[in-house]
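Participant: Shown below is the structure under consideration.
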Amino acid sequence: MGKKPRLAVWKFASCDGCQLSLLDCEDELLAVAGAVDIAYFPEATRGEIKGKYDVSLVEGSITTAHDAERILDVRTRSRVLITIGACATAGGIQALRNFADVKEFASVVYAHPEYIHTLETSTPIAAHVKVEYELRGCPIDKRQLVEVISAFIAGRRPVTPAHSTCIECKLKGNVCVMVAHGKPCLGPVTHAGCGALCPSYDRGCYGCFGPQETPNTVSLSRQMAALGMSEENLKRIYSTFNAYSEDFRKERERHGS
Amino acid sequence: MARKTIKVDYLARVEGEGAFKVVVRDGAVKQAELRIFEPPRFYEAFLRGRSFMEVPDITARICGICPIAYMMGSTHAIEKVLGIKLDGQLRELRRLIYCGEWIESHVLHAFMLHAPDFLGYDSAIAMARDHGDLVKKALDFKKTGNEIMTTVGGREIHPINVRVGGFYRVPSRRELAPLLDKLKAARDFAVEAVRVVSKFDFPDCERDYEFVALRHPNEYPLNEGRLVSNKGLDIPIEDYDETFEETHVEHSTALHSHIRGRGAYFTGPMARYSLNFDKLTPTAQQAAREAGLGPTCNNPFRSIVIRLVEALYAAEEAIRIIEAYEPPDRPFVEGSVRAGSGCHATEAPRGICYHRYTLDDTGTVTFARIAAPTSQNQPTIENDLTSFVGGWLDLPDKELQHRCEQAIRNYDPCISCSTHFLKLDVDRG
Chain D
1 MGKKPRLAVW
11 KFASCDGCQL
21 SLLDCEDELL
31 AVAGAVDIAY
41 FPEATRGEIK
51 GKYDVSLVEG
61 SITTAHDAER
71 ILDVRTRSRV
81 LITIGACATA
91 GGIQALRNFA
101 DVKEFASVVY
111 AHPEYIHTLE
121 TSTPIAAHVK
131 VEYELRGCPI
141 DKRQLVEVIS
151 AFIAGRRPVT
161 PAHSTCIECK
171 LKGNVCVMVA
181 HGKPCLGPVT
191 HAGCGALCPS
201 YDRGCYGCFG
211 PQETPNTVSL
221 SRQMAALGMS
231 EENLKRIYST
241 FNAYSEDFRK
251 ERERHGS
Chain X
258 MARKTIKVDY
268 LARVEGEGAF
278 KVVVRDGAVK
288 QAELRIFEPP
298 RFYEAFLRGR
308 SFMEVPDITA
318 RICGICPIAY
328 MMGSTHAIEK
338 VLGIKLDGQL
348 RELRRLIYCG
358 EWIESHVLHA
368 FMLHAPDFLG
378 YDSAIAMARD
388 HGDLVKKALD
398 FKKTGNEIMT
408 TVGGREIHPI
418 NVRVGGFYRV
428 PSRRELAPLL
438 DKLKAARDFA
448 VEAVRVVSKF
458 DFPDCERDYE
468 FVALRHPNEY
478 PLNEGRLVSN
488 KGLDIPIEDY
498 DETFEETHVE
508 HSTALHSHIR
518 GRGAYFTGPM
528 ARYSLNFDKL
538 TPTAQQAARE
548 AGLGPTCNNP
558 FRSIVIRLVE
568 ALYAAEEAIR
578 IIEAYEPPDR
588 PFVEGSVRAG
598 SGCHATEAPR
608 GICYHRYTLD
618 DTGTVTFARI
628 AAPTSQNQPT
638 IENDLTSFVG
648 GWLDLPDKEL
658 QHRCEQAIRN
668 YDPCISCSTH
678 FLKLDVDRG
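The listed protein sequences derive, respectively, from chains D and X.
Going by the numbering used here, the first sequence opens with residue 1, and the numbers climb by one from there.
Going by the numbering used here, the second sequence opens with residue 258, and the numbers climb by one from there.
So this is what it looks like as C-alpha cells:
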C-alpha cells in the first residue's frame, strides 16, 4: 500500500458550518482520519504538514484582497481542489453586498469603517482558480461530503445527483407543499442533496443548495405569483445563500433591481 | 534582553480566523492583543430590507457551530414586536433544541478542541490513538446532541424548522422517543467525562471577574431571564443597550464590549455556572462538587470541567422535556405584524447573545444589531493574557506560546460569530 493521501481543509469568509460537517461525521471521522493524512485543518489540529496536498476542501468565499492571493497559493499546493458549500460555490449570503454599496454596509456595522479592509464583492472560489468539484448546500450534506472524499481517494467521480430537490421530495413520498397547501417552494429549481428537508417539515424549500442545472425559474416564479407571492417576496426568495449564482441572480433581477 | 514578542498568526482549534500578539518589555507584559481577521460579512447591514419571517434562517448562518443561538435570539426579539409569548410545550421544545446545541458545541470544544491541550496532543484525532475509547464515547455524546437538533430542527447545522412563533412542524412523541436511551447513556458518560477532565493539570490562574449571565427564577438559563452579575448588575434584557457598549478597535474585525463606566466582563459557561449553580440538577451539582468545583469558579482553565457539567445538565434537561412531552395543538403562534422595536438575549453555548431589531408596519427589518458572546469576551481574554503571561515568562518560547493559546481557547472563542473577532504575537522585544 502506498502513502496515504494528504487532505487539507481551508477556510475563507464563512460560518465554519461546512468544515464542521467533517467533525460532525461522528461515525466516520476516525475512519476518514485513518484513510487520509489530515495535513492541514486548523479548526481541528495545531499540527501542520507543509507542502502539497492531494485533496483540498475549501470553505468560504473571497471577500478580501489577502484571501484573493491566498486562494492562488492553495490552488498551487493542491492536486484536487473541492469547494464545500454555498459560500465557496456561489459567494454565500455575504454576496448580498454585490448588489449594494459595501462602504455603506461597513458604515452600518462598524464605528470606524476605515479599519475594515474588504473587497466590494464576495465571489465563489471558481471565479479565482480552477476547481475540480463543487459541493452544494448551506450547509453541505455530510453524507455527500463523505462520498466526495471517498471518491477522490479512490480516484472516481463522486455520485451526487444533479436533479432537483423536487425529485428528491417525490421519491420521499411527501405531499407537495405547493400543490396541496399553496406554499411557495423553490424545490423545482433547487439542486438536490438535502433530502427535501423543508417540505418534510411542512414548509417550502428556500433554495439553500442553489440552482440545479438549467432550472426553469421563470415558470416557477409565475406559479408562485399565482399563489399570491408579491414581486418583493419573489425577489427575496432568490436572494439568500446562493443569491450570486447565475440562475438565481438573473431571476432576482427580473423582480426589481 | 528586555524585549520579546510572542506571536501566533493563525490560532488552531478555534472556530474562525484569529491570531494574537503579546508584547513584553523588561519582564512585564506591555500589551496583549487578540486579533480577529475573520473577514466581515455585514449581517446587520443586509438584514435591512428582509421580511421578519426570513430573519432566523439568515441569522443562523452567522455561525455553523451555534446556529440555534442566533435563531433563538432573533425569533424572541421579533416576537416581542409582534406580541407573541410562547409557553407550554412550544417553549419546552425550544429549550430542547437549545440543549442539543449546548451538548454538540460543548462536547466539540471540550474533547475535540480543548482536551488535546491538556493531554499534549495536536488534535483529538491524534489523541484518539492513545485514548480511543474516550474519544469514541465523546463523539457519541456529541452525536446525541446533534440528533436532538436533527429530530427537532431537521438538521444539525442550520436547522430549518425554527420560525418566528414556534416551529413549522412539531415532532410526535414517537419521533422523540428514540432519543431517550441515547440521552441516558450520554448522561452516564457525562458524569464520567466531568471526572476525567477534572484530573487535568490546571495552572493556578484566578482573577476577579465580573460575571454576567441570564438568571431565571425557575430554571438554569437558556432562553429567558434577567441579566445579572456578581457585582450587583440585575436588569431586564431591555436595558442591555444602556448598560453595555461596543467599541471598534483597529486590530479586530470584532467589536469589543464593556459595561459602561466599569469595563470588561465575562460571559459564558463559567459566568453562567457561577451565577446559577443553584439551578443545576442535583446530579450536575454533585458531579461538579466531586470534580473539586465550588458553587463559583474563577479559573478559566477549569472552564472545560464546567462545559461538561453544563453538557450533563443539558442531557438531563432534555430527558425531562422528552419524558413529559405532549405535542402542542399547533406548531406555531401567529402575532400581529406591526411597526416596532424588540430586543432579546439568550445563553448561547459561549455566553450572552444579544439581538435588537426594528420592523416597519409591513414586517420589514429597518434596523438590526447583534452582539456575539466572543466579542463580549474579547477584552477579558486580552486582560487574561496581560495578567497571566507575566507569570509564564520563564517558559521557553514554544511552551509560552502554547500556554497563551490555551488561555484563549479557555473561552471557546467563536470567531466566525464575533465578526463583528482573533491573531498570537508575543513580542519579548
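Where a beta carbon is used, it is the ideal one built from N, C-alpha and C, also for glycine.
Please read all numbers here as calculations on a predicted model, not as lab measurements.
1. With DSSP as the reference, label Ala162 (chain D) as helix, strand or coil.
2. Cα separation between Thr118 (chain D) and Phe105 (chain D)?
3. Going by DSSP, what residues sit across from Ala520 (chain X) in a beta bridge?
4. Does any residue of chain X bring its CB to less than 7 Å from the CB of Phe209 (chain D)?
5. Any Cβ of chain D within less than 7 Å of the Cβ of Pro355 (chain X)?
6. Anything in the segment 421-452 of chain X with a Cβ closer than 9 Å to a Cβ of chain D? List those residues in chain order, please.
7. Quick check on DSSP: helix, strand or coil for Thr623 (chain X)?
8. Would Ala302 (chain X) pass as an interface residue toward chain D - the criterion being a Cβ-Cβ separation below 7 Å?
9. Give every residue of the same chain whose Cβ lies closer than 6 Å to the Cβ of Ala289 (chain X), excluding the five residues on either side of it in the sequence, and list them in chain order.
10. Thinking Val55 (chain D) and Val74 (chain D) are a contact (beta carbons under 8 Å), I'd like their distance in whole angstroms, please.
11. Grab the span of the beta strand (DSSP E) containing Cys356 (chain X) for me, first residue to last.
12. Pull up the DSSP beta-bridge partners for Trp10 (chain D), would you.
13. Count Cβ pairs between the segment 456-463 of chain X and the segment 519-526 of chain X that sit closer than 8 Å; are there 3 or more?
14. On a CA-only basis, which of X:Leu657, X:Gly648 and X:Val427 is nearest Cys462 (chain X)? Give me that one, please.
15. Please confirm whether Gly330 (chain X) and Met406 (chain X) have their CB atoms less than 7 Å apart.
16. Looking at chain X, is there any beta carbon in it that lies within less than 7 Å of the beta carbon of Gly91 (chain D)?
17. I'd like to know if Leu396 (chain X) contacts chain D, where contact means its C-beta is closer than 7 Å to some C-beta of that chain.
18. Only counting the same chain, and skipping five residues up and downstream in sequence, which positions put a Cβ closer than 7 Å to that of Ser560 (chain X)?
19. For Gly47 (chain D) and chain X, any beta-carbon pair shorter than 7 Å?
20. Report the residue from X:Gly377, X:Pro428, X:Lys287 and X:Glu311 whose alpha carbon sits nearest the alpha carbon of Ile578 (chain X).
21. If distances are taken between C-alpha atoms only, which option among D:Ala39, D:Ser14, D:Pro124 and D:Thr190 comes closest to Phe294 (chain X)?
22. Below 8 Å, can you find three or more Cβ-Cβ pairs linking the segment 239-253 of chain D to the segment 207-217 of chain D?
23. Hey, could you find the ends of the beta strand (DSSP E) Arg292 (chain X) is sitting in?
24. Measure the Cβ-Cβ separation of Phe153 (chain D) and Pro42 (chain D) and say whether it is below 7 Å.
25. Once DSSP output is grouped into helix, strand and coil, what is the label at Leu119 (chain D)?
26. Residues of the segment 121-139 of chain D with a CB closer than 7 Å to any CB of chain A: list them in chain order, please.
27. Can you find the residues in the same chain that come closer than 6 Å, C-beta to C-beta, to Gly592 (chain X), ignoring five residues on each side of it along the sequence?
28. Is it the case that the segment 89-104 of chain D contacts the segment 58-65 of chain D, given that we only count it when at least three CB pairs across the two stretches are under 8 Å?
29. Can you check whether the C-beta of Tyr238 (chain D) is within less than 7 Å of a C-beta belonging to chain X?
30. Using DSSP's beta-bridge definition, name the partner residues of Thr603 (chain X).
31. List, in order along the chain, the chain D residues whose C-beta lies closer than 7 Å to that of Pro606 (chain X)?
32. What residue range is occupied by the uninterrupted alpha helix (DSSP H) comprising Leu72 (chain D)?
33. Give the single residue among X:Glu349, X:Ala372, X:Arg444 and X:Glu413 whose Cα lies nearest to the Cα of Phe558 (chain X).
34. Any residues in the segment 311-338 of chain X with a beta carbon nearer than 9 Å to a beta carbon of chain D? Which ones, in chain order?
35. How would you call Asp101 (chain D), buried or exposed, if buried means at least 16 neighbouring beta carbons within 10 angstroms?
36. Taking Cβ-Cβ distances shorter than 9 Å, what residues in chain X pair up with Ala111 (chain D)?
Facilitator: So, from the listed chains and residues:
1. For the purposes of this step, residue 162 (chain D) is identified with residue 162 of the first sequence, where counting begins at 1. Looking at Ala162 (chain D) - three-state DSSP - the assignment turns out to be coil, as it is neither helix nor strand.
2. What you label residue 118 (chain D) is simply residue 118 of the first sequence in a count that begins at 1. What you label residue 105 (chain D) is simply residue 105 of the first sequence in a count that begins at 1. When rounded, the distance between both Cα atoms is 11 Å.
3. Start at 1 with the first residue of the second sequence, and residue 520 (chain X) comes out as number 263. The displayed chain sequence assigns Gly, not Ala, to residue 520 (chain X). For Gly520 (chain X), which the question treats as bridged, DSSP gives the partners X:Ile516.
4. For this step, residue 209 (chain D) is matched to residue 209 along the first sequence. The beta-carbon of Phe209 (chain D) is placed no less than 7 Å from the nearest beta-carbon of chain X.
5. For the purposes of this step, residue 355 (chain X) is identified with residue 98 of the second sequence, where counting begins at 1. Position check: residue 355 (chain X) holds Tyr in this sequence, whereas Pro was assumed. Chain D, which has no Cβ nearer than 7 Å to the Cβ of Tyr355 (chain X), makes this no.
6. Phe424, Tyr425 and Arg426
7. To locate residue 623 (chain X), count along the second sequence from 1; it is residue 366. Strand.
8. On the second sequence, residue 302 (chain X) is found 45 positions in, with the first residue counted as 1. Yes, Ala302 (chain X) lies at the interface with chain D (some Cβ there is under 7 Å from its Cβ).
9. For the purposes of this step, residue 289 (chain X) is taken as residue 32 along the second sequence, with counting starting at 1. Here the set comprises Val279, Glu639, Leu642 and Thr643.
10. The sequence position of residue 55 (chain D) within the first sequence is 55, counting from 1. The sequence position of residue 74 (chain D) within the first sequence is 74, counting from 1. 12 Å between Cβ atoms; not a contact.
11. Against the second sequence, residue 356 (chain X) aligns to sequence position 99. That residue, Cys356 (chain X), is in no beta strand (DSSP E); its alpha helix (DSSP H) goes Gly345 to Val364.
12. The sequence position of residue 10 (chain D) within the first sequence is 10, counting from 1. Partner(s): D:Val58.
13. no
14. Stepping through the second sequence from its first residue, residue 462 (chain X) is reached at position 205. Looking only at X:Leu657, X:Gly648 and X:Val427, the smallest Cα-Cα distance to Cys462 (chain X) is reached by X:Gly648.
15. On the second sequence, position 73 is the one that residue 330 (chain X) refers to. On the second sequence, position 149 is the one that residue 406 (chain X) refers to. No, these two residues do not count as a Cβ contact at 7 Å.
16. Numbered from 1 along the first sequence, position 91 holds the residue referred to as residue 91 (chain D). So no, Gly91 (chain D) is outside the interface.
17. As a position in the second sequence, residue 396 (chain X) is number 139, starting the count at 1. Cβ-Cβ to chain D under 7 Å: yes for Leu396 (chain X).
18. Indexing the second sequence from 1 puts residue 560 (chain X) at position 303. So the list reads Pro526, Met527 and Asn667, once near-sequence residues are dropped.
19. In the first sequence, counting from the first residue as 1, residue 47 (chain D) sits at position 47. At least one chain X Cβ lies under 7 Å of Gly47 (chain D).
20. Start at 1 with the first residue of the second sequence, and residue 578 (chain X) comes out as number 321. That would be X:Pro428, whose Cα lies nearest to the Cα of Ile578 (chain X).
21. For the purposes of this step, residue 294 (chain X) is taken as residue 37 along the second sequence, with counting starting at 1. Per the Cα distances, D:Ser14.
22. yes
23. Locating residue 292 (chain X) in the second sequence gives position 35, where the first residue counts as 1. It spans Ala285 to Ile293 - the beta strand (DSSP E) in which Arg292 (chain X) sits, taken as one unbroken run.
24. Here residue 153 (chain D) refers to the residue found at position 153 of the first sequence. Here residue 42 (chain D) refers to the residue found at position 42 of the first sequence. Note that residue 153 (chain D) is Ile in the sequence shown, not Phe. The answer is no: Cβ separation not under 7 Å.
25. As a position in the first sequence, residue 119 (chain D) is number 119, starting the count at 1. Reduced to three states, the DSSP call for Leu119 (chain D) is coil.
26. Among the protein chains of the structure shown, namely D and X, there is no chain A.
27. The residue given as residue 592 (chain X) occupies position 335 in the second sequence. Leu339, Gly340 and Ile341, listed in sequence order.
28. Judged by Cβ distances under 8 Å, the segment 58-65 of chain D makes contact with the segment 89-104 of chain D, as three or more pairs qualify.
29. On the first sequence, residue 238 (chain D) is found 238 positions in, with the first residue counted as 1. Taking Cβ atoms only, chain X never reaches closer than 7 Å to Tyr238 (chain D), which makes this a no.
30. Position 346 of the second sequence, counted from the start, is the residue given in the question as residue 603 (chain X). Bridge partners of Thr603 (chain X): X:Cys610.
31. Residue 606 (chain X) sits at position 349 when you count from the first residue of the second sequence. Within chain D, no residue comes near Pro606 (chain X); the closest Cβ sits about 13 Å away, beyond 7 Å.
32. Locating residue 72 (chain D) in the first sequence gives position 72, where the first residue counts as 1. First-last of the alpha helix (DSSP H) with Leu72 (chain D): Ala65 to Thr76.
33. Numbered from 1 along the second sequence, position 301 holds the residue referred to as residue 558 (chain X). Considering only alpha carbons, the answer is X:Ala372.
34. Glu311, Asp314, Ile315, Ala317, Arg318, Ile319, Cys320, Gly321, Ile322 and Pro324
35. Counting from 1 along the first sequence, the entry for residue 101 (chain D) is found at position 101. Classification for Asp101 (chain D): exposed.
36. If you number the first sequence from 1, residue 111 (chain D) lands on position 111. The CB of Ala111 (chain D) comes closer than 9 Å to the CB of Glu503, Thr504, His505 and Leu512 in chain X, given here in chain order.
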